[in-house]
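Below you'll find the structure, written out as structure tokens, and then a few comments.
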Amino acid sequence: MAARTEVDGTPAAFTRAVEQIMRVDARPELTIHVMPPPQRIAPYAYAISGDLAVAGDDVATGRFICLYDPAGHEAWEGSFRCVTFAKADIEPEMASDPMLTEVGWSWLTDALDAGGAGYHAASGSVTVVRTDSFGQMAEDGSSAQVEVRASWSPDPDTDAGCHAQAWMHLLAELAGLPPLTPGVIPLRRTAHDRRGSHR
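Reading the sequence shown from the start, the letters are residues 0 to 198 in numbering that gives the first Met the number 0.
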């Protein structure tokens, strides 16, 4: 097959990465939408959001952004950068676990490793928030959330879809969902949701 060339000013490498992300299948509980990408961070960007629901209740949400700078970026140590956010409700008791932040980060790196998504120059943070209600709000009880904000640079020639898939796995982990049972067919996004954008 001939090498892909630049079309309409869009670099072939970025077009290929977007196509790879669009081919990723989401598990049944996860709804994926294309969202407006951030501006002025990189010459080219593609972004998707994800909302994970169980029994009609939203339990996790997040976004995945693929940035591309043909000239390369010193801080990225490459031309591509993945920027992600994932947030989920957790049991209030879990918020007091001092290891939760470390475990939350390991869920991301494990998902990347398991999916063959080679990466480098990773950075990020894990935040755990617990809210306790008192006085006239006491009946609201307690609630807690965990947030993972991370970015990393894909290794050269790795499938961008593997990185998006790792982010989807992270959302499921944060929500406490088990891995998909073999034979379960994930739901594909609609043609409308598959539309991308770049500037």
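No residue lacks a Cβ here, since even glycine has one placed at the ideal position from N, Cα and C.
Any idea what DSSP makes of residue i, helix, strand or coil?
{"i": "A159", "result": "helix"}
{"i": "D57", "result": "strand"}
{"i": "E146", "result": "strand"}
{"i": "W75", "result": "coil"}
{"i": "D24", "result": "coil"}
{"i": "G123", "result": "strand"}
{"i": "P185", "result": "Note that P185 scores a pLDDT of 39, beneath 50, so its modelled location is shaky; the value from the coordinates is reported in the next line. It is coil, neither helix nor strand."}
{"i": "G134", "result": "helix"}
{"i": "D88", "result": "strand"}
{"i": "A44", "result": "strand"}
{"i": "L173", "result": "helix"}
{"i": "D68", "result": "strand"}
{"i": "D154", "result": "coil"}
{"i": "A249", "result": "The chain is shown only over 0 to 198; residue 249 falls outside these bounds and no answer can be derived."}
Would you kindly report the start and end of the unbroken beta strand (DSSP E) that includes residue i?
{"i": "A11", "result": "It is not in any beta strand (DSSP E) - A11 instead sits in the alpha helix (DSSP H) that spans A11 to M21."}
{"i": "D96", "result": "Premise fails: D96 is in no beta strand (DSSP E) and is neither H nor E."}
{"i": "I31", "result": "L29 to M34"}
Using the Cβ count rule (16 or more neighbours within 10 Å means buried), how would you classify residue i?
{"i": "L186", "result": "Any answer about L186 is weak, because its pLDDT of 36 lies below 50 and its placement is not dependable; what the coordinates show is given next. The residue is exposed, with fewer than 16 neighbouring Cβ atoms inside 10 Å."}
{"i": "G114", "result": "buried"}
{"i": "G8", "result": "exposed"}
{"i": "V183", "result": "Confidence at V183 is low in this model, with a pLDDT of 43, below 50, so its placement is unreliable and no value can be given for it."}
{"i": "M21", "result": "buried"}
{"i": "G71", "result": "exposed"}
{"i": "V82", "result": "buried"}
{"i": "A190", "result": "Residue placement at A190 cannot be trusted, given a pLDDT of 31 that sits under 50; what the coordinates show is reported in the next sentence. Its Cβ having fewer than 16 others within 10 Å, A190 is exposed."}
{"i": "D96", "result": "exposed"}
{"i": "R130", "result": "According to the sequence shown, residue 130 is Thr rather than Arg. With fewer than 16 Cβ atoms within 10 Å of its Cβ, T130 is classed as exposed."}
{"i": "D112", "result": "exposed"}
{"i": "L158", "result": "Here residue 158 is Asp; the residue named in the question, Leu, does not match the sequence. It counts as buried."}
{"i": "A137", "result": "exposed"}
{"i": "E101", "result": "exposed"}
{"i": "A74", "result": "exposed"}
{"i": "F133", "result": "exposed"}
{"i": "T126", "result": "exposed"}
Need the endpoints of the alpha helix (DSSP H) that residue i sits in, please.
{"i": "W104", "result": "L99 to A113"}
Do residue i and residue j have their CB atoms nearer than 9 Å?
{"i": "G117", "j": "V147", "result": "no"}
{"i": "D68", "j": "P36", "result": "no"}
{"i": "A110", "j": "L66", "result": "no"}
{"i": "S78", "j": "G61", "result": "no"}
{"i": "L29", "j": "D50", "result": "yes"}
{"i": "S152", "j": "R80", "result": "yes"}
{"i": "E76", "j": "H119", "result": "yes"}
{"i": "V53", "j": "A163", "result": "no"}
{"i": "A87", "j": "A174", "result": "yes"}
{"i": "M167", "j": "A25", "result": "yes"}
{"i": "I64", "j": "A85", "result": "no"}
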